[in-house]
Amino acid sequence: MVLDASDFIHKLIQKGYTHLCVVPCSFAKNIINEAINNDSIEYTPCASEAVACSMAAGLKMAGKKPLVIVQSSGLTNMGSCITSLLKPYGIRFPMLVSWRTYNEGDSEIQHKHLATKLPDLINAYGYQYDILHKE
Numbered sequence: 007m008v009l010d011a012s013d014f015i016h017k018l019i020q021k022g023y024t025h026l027c028v029v030p031c032s033f034a035k036n037i038i039n040e041a042i043n044n045d046s047i048e049y050t051p052c053a054s055e056a057v058a059c060s061m062a063a064g065l066k067m068a069g070k071k072p073l074v075i076v077q078s079s080g081l082t083n084m085g086s087c088i089t090s091l092l093k094p095y096g097i098r099f100p101m102l103v104s105w106r107t108y109n110e111g112d113s114e115i116q117h118k119h120l121a122t123k124l125p126d127l128i129n130a131y132g133y134q135y136d137i138l139h140k141e
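Using the numbering used here, the final residue of the sequence shown is 141, and nothing's skipped along the way.
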């Protein structure tokens, strides 16, 4: 399934989403560009996944409706925020996590560890997930 970025942003706006808290990612560049060019949703670039998570938590507490977009390799950076802020205070918002893969010889070895264990990590944090397949 190829995600149509324009349609995706339009549907988020229709469902009342107000902010995208995003750690820039090449997998999400089309979504990011659509959000930047749309005045109906606020694109909030974040320097790290923990910042994106914390920003979204604050927005949610302020009555906004955020969505977080991060890479799978950075999901571990959100761990403390998830376990010490989101879970204890019942703060919930959706996260779109790009699932990076790893092939032997790749230069980006940070993806190797989560390439097969991402569902386990999400389960460990106590969240449900859906996988968007390419078909």
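Ideal Cβ positions, reconstructed from N, Cα and C, are used throughout, including at glycine.
Boundaries of the alpha helix (DSSP H) harbouring His16: 11 to 20, taken from the DSSP string.
Distances from the CA of Val57 to each of Ile42, Asn39, Thr82 were compared; the closest alpha carbon is that of Thr82. Taking C-beta separations shorter than 8 Å and ignoring five residues to either side along the sequence, the partners of Thr89 in its chain run Tyr131, following chain order.
With contacts defined as CB atoms closer than 8 Å, Cys59 and Ser104 fail to qualify as a contacting pair. Of all alpha-carbon atoms in Leu138, Met61, Met84, the one lying nearest the alpha-carbon of Ile128 is that of Met84. For Leu9 and Glu40, the gap between their C-alpha atoms comes out near 12 Å. At a Cβ-Cβ threshold of 8 Å, Leu102 and Ile75 count as neighbours.
Between Gly80 and Val29, the C-beta gap is smaller than 8 Å, which places the two residues in contact.
In terms of Cβ geometry, Lys71 and Tyr133 do not form a close pair [threshold 8 Å].
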